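In this note's numbering, the protein residues as written are 166 to 348.
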């Protein structure tokens, strides 16, 4: 895999981890398991049957839990650091052609940072939904986040350059929204 494509793929998967922690891990595991993705050295476990079962179960549980009004906010306290870890791991797994001394700083800073940024925006969106709709709009937000995680991770795996365009657009939207709230 070309270095630029690996980094692009990693960024797409990391951003998706900011929306749902386990969805991009599951899709990456499926891609590795079926031979559609060659992970970096040390990440072969990602394609194991055990990883598929664990990530599949966790992805379904996570997606369903976000539909429970009080549980969605409680999950955010766990999902925020978990998203950063998942984003870093996915970035490291996708950055196949980079040596470890370059892969890990990039994974932690770019992958973990991007996943954390997207997760923070997600938390803010849900908090705003709670205030504006007394929590009744939160299931709509949850469905959009889960759908976004599936779509972004799938696009990143199938068309990494398009995934990068979507990530850039997502970050730009987050920055715009942040500026509007600040000003």
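No residue lacks a Cβ here, since even glycine has one placed at the ideal position from N, Cα and C. In this text, all values refer to a predicted model and were calculated from it rather than measured experimentally.
Span of the alpha helix (DSSP H) around residue i
i           : result
residue 187 : 187-198
residue 264 : Where residue 264 is concerned, there is no enclosing alpha helix (DSSP H), given that its DSSP letter is neither H nor E.
residue 310 : 303-323
residue 113 : One cannot answer for residue 113 here, as it falls past the ends of the chain, which runs 166 to 348.
residue 280 : 278-298
residue 274 : Counting along the chain, residue 274 falls outside any alpha helix (DSSP H), and DSSP gives it neither H nor E.
residue 171 : 168-184
Inter-residue CB distance, residue i and residue j (contact presumed, cutoff 8 Å)
i           : j           : result
residue 224 : residue 174 : About 19 Å separates the two Cβ atoms, so there is no contact after all.
residue 256 : residue 281 : No, residue 256 and residue 281 are not in contact; Cβ-Cβ is about 12 Å, not under 8 Å.
residue 185 : residue 228 : 6 Å
residue 188 : residue 311 : 7 Å
residue 261 : residue 171 : 5 Å
residue 354 : residue 168 : In this structure the chain extends from 166 to 348, so residue 354 is not present and cannot be described.
Rounded straight-line distance, which links the Cα of residue j to that of residue i
i           : j           : result
residue 217 : residue 226 : 14 Å
residue 324 : residue 233 : 33 Å
residue 304 : residue 231 : 7 Å
residue 271 : residue 249 : 13 Å
residue 317 : residue 328 : 6 Å
residue 220 : residue 345 : 36 Å
residue 340 : residue 247 : 22 Å
residue 342 : residue 243 : 24 Å
residue 201 : residue 320 : 13 Å
residue 245 : residue 251 : 10 Å
residue 240 : residue 292 : 13 Å
residue 214 : residue 347 : 46 Å
residue 288 : residue 259 : 26 Å
residue 322 : residue 183 : 16 Å
residue 176 : residue 266 : 18 Å
residue 125 : residue 306 : The first residue shown for the chain is 166 and the last is 348, placing residue 125 beyond what the model contains.
residue 180 : residue 286 : 11 Å
residue 235 : residue 302 : 13 Å
residue 211 : residue 308 : 26 Å
residue 196 : residue 204 : 9 Å
residue 206 : residue 333 : 28 Å
residue 315 : residue 335 : 15 Å
residue 338 : residue 330 : 12 Å
Chain D contact for residue i (CB, 9 Å cutoff)
i           : result
residue 347 : No chain D is part of this structure, which consists of one protein chain only.
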